[in-house]
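Engineer: Each residue of the sequence shown is one higher than the one before, counting from 17 in my numbering.
Just so you know, even glycine gets a beta-carbon here, dropped at the ideal spot from N, CA and C.
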Amino acid sequence: MKRAFLKIRQDILKNLETGPKSITKIAEESGMTWKTAQRHLLWLERMEGKVKIIRKTKRKIVYKKIK
17 MKRAFLKIRQ DILKNLETGP KSITKIAEES GMTWKTAQRH LLWLERMEGK VKIIRKTKRK
77 IVYKKIK
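Structure follows, in structure tokens:
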């Protein structure tokens, strides 16, 4: 069964409460694909302003929850 967008985003935000994490780590801990996590993180960053990128390299993007 698919989870609703709101539930996925809540899971991501809860996951980030323990500190900054990469998209890969968020996806693994939240039980979703990398692409799903990335899309929802982009939404949370750009549309809702609840997360931000704190480190970005060619192979890794790390997000942090904004309080």
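Can you give the Cα-Cα distance for Ile77 and Glu64, rounded to whole angstroms?
Structural biologist: Here residue 77 corresponds to residue number 61 of the sequence shown, with the count starting at 1. Here residue 64 corresponds to residue number 48 of the sequence shown, with the count starting at 1. Each residue's Cα considered, the two are about 18 Å apart.
Engineer: Beta-carbon separation of Lys37 and Tyr79 under 8 Å?
Structural biologist: For this step, residue 37 is matched to residue 21 along the sequence shown. For this step, residue 79 is matched to residue 63 along the sequence shown. Yes, they are a contact pair.
Engineer: If I follow the unbroken alpha helix (DSSP H) through Arg71, where does it start and stop?
Structural biologist: What you label residue 71 is simply residue 55 of the sequence shown in a count that begins at 1. Element bounds for Arg71: not the alpha helix (DSSP H) but the beta strand (DSSP E), Val67 to Lys72.
Engineer: Output the distance between the C-alpha atoms of Met48 and Lys81, rounded to the nearest integer angstrom.
Structural biologist: Working through the sequence shown from its first residue, we reach residue 48 at position 32. Working through the sequence shown from its first residue, we reach residue 81 at position 65. In a straight line, the C-alpha of Met48 is about 19 Å away from that of Lys81.
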